[in-house]
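Asker: Read in order, the letters of the sequence shown correspond to residues 3 to 264 in this note's numbering.
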Amino acid sequence: MYIITPSLGRTATYTATQVSESCSVRIVNGTIVLLPLPQIRKSSMPIELALAYRRSIRSYLNKAITIEQLSQLLWAADGVNDPSKGFRTAPSAGATYPLVIYVVVGSRSVELCGGKYLRPGSYVYNPYTHSLKLVRSGDLRAELAKAALGQRWVREAPIDIVIFADFQRTVRYYGSRGYRYVYMEAGHVGQNIYLEATALGLGTVAVGAFRDDEVRSVVGAKPSQSPIYIFPVGVPKTPYRVSQHAIQSFIEEQRASQGLQK
């Protein structure tokens, strides 16, 4: 659970996922994972607290995340939030939606019901059916970490969310300006991942250093898809916490140092 004071002071803590667990995951034909339906959690961490606690986390406990947490992460990243129009949680230029999200799942890394685990491999996310489709089997984290220049957190996290872009979806409408729009959208999705991970008691870090062709090969993405980001996600060894008092004191000190105090 978490406890919030009106001032977001020193007593604010967050130690649980706040996602109700249920055996609602279904696997179709051995390759399609129908994720638990996303929840709009009214008891969830307030946005101000998630922003305050957001931090790049590179060290994780050797602990699986749950399928419910994975479901919430993917929906928050780029899931549908306007059923009437098909709009998503991140804005997209002209609703062209050039981004494609893959997930690399390690062995015994995503816990299902009854002590079972999601099959290791790479999966591609379908935001409209809120499902995952198996692309490659096996624990690919070590290969992905190698493609990411040996960054250990890519290997050690239970999962890695990999954001790809099919630039032509946007460029065909906006010309060269479309490239800028695609990168902007990736930033929106990335921040969604950061904040939802924080709200779930998880941690992540944005990774941009990797060999594009190797990442594409490891994940099994299409030739038209270019990798933009890797987000390792896991339970942080040391969650970041800060009080409202500390933030306010910092701002007051900066104002004083520049002669801006009354």
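Every residue gets a Cβ at the ideal spot worked out from N, C-alpha and C, and that includes glycine.
Values in this document were obtained by computation on a predicted structure and should not be read as measured data.
Closest by CA to Ser245, which one among Ser45, Leu51 and Ile34?
Answerer: Leu51
Asker: Which of the three DSSP states, helix, strand or coil, is assigned to Lys148?
Answerer: helix
Asker: Cutting at 8 Å between CB atoms, please list the residues of its own chain near Glu254, excluding the five before and the five after it.
Answerer: If we look at Glu254 and ignore the five residues flanking it on each side, its Cβ neighbours are Gln263.
Asker: What does the alpha-carbon distance come out to for the pair Ala258 and Ala54?
Answerer: 23 Å
Asker: Just verifying my parser: in three-state terms, what is the DSSP assignment at Arg171?
Answerer: helix
Asker: Does the CB of Ser228 have a neighbour CB from chain C at under 8 Å?
Answerer: Looking at the structure shown, chain C is missing, and only one protein chain is on hand.
Asker: Check the DSSP bridge columns for Tyr196 and list the partner residues they point to.
Answerer: In the DSSP output, where bridge partners are listed per residue, Tyr196 has none listed.
Asker: Given 8 Å as the limit, is there contact between the stretch 191-198 and the stretch 106-118, that is, 3 or more CB pairs closer than that?
Answerer: no
Asker: Any idea which residues DSSP pairs Lys135 with across the strands?
Answerer: Ile34 and Val126
Asker: Go through the stretch 35-103 residue by residue and report every complete run of the alpha helix (DSSP H) that reaches 4 residues or more, in order.
Answerer: 49-55 and 69-80
Asker: By the DSSP assignment, the alpha helix (DSSP H) with Val217 in it spans what residues?
Answerer: Asp214 to Val221
Asker: Anyone know if the C-beta pair for Val164 and Val221 falls short of 8 Å?
Answerer: yes
Asker: Quick check: Ser133 and Ile67, are their CB atoms within less than 8 Å of each other?
Answerer: For Ser133 and Ile67, no; Cβs fall outside 8 Å.
Asker: Pull up the distance between the alpha-carbon of Tyr181 and that of Val173, whole angstroms please.
Answerer: 6 Å
Asker: Which value, in whole angstroms, describes the spacing of the CA atoms of Arg143 and Leu114?
Answerer: 20 Å
Asker: Between which two residues does the beta strand (DSSP E) containing Ser228 stretch?
Answerer: Ser228 to Gly236
Asker: Put Arg110 into one of helix, strand or coil per three-state DSSP.
Answerer: coil
Asker: Would the beta-carbon of Pro241 fall within 8 Å of that of Gly205?
Answerer: yes
Asker: Determine, using beta-carbon pairs with one atom in the stretch 79-91 and one in the stretch 144-152, whether at least three such pairs fall under 8 Å.
Answerer: As far as the Cβ criterion goes, the stretch 79-91 does not touch the stretch 144-152, which means the pair count is below three.
Asker: Out of Ser219, Arg243 and Lys65, point me to the one whose CA is closest to Ser124's CA.
Answerer: Ser219
Asker: Given this structure, state the Cα-to-Cα distance separating Glu158 from Asp141, to the nearest angstrom.
Answerer: Their backbone Cα atoms lie some 11 Å apart in a straight line.
Asker: Check Arg257 in the structure and name its three-state DSSP category.
Answerer: helix
Asker: Strictly by DSSP, which residues pair up with Ile163?
Answerer: Val105 and Phe233
Asker: In this structure, how does DSSP classify Arg143 when only helix, strand and coil are distinguished?
Answerer: Arg143 carries a helical assignment under DSSP once its states are collapsed to helix, strand and coil.
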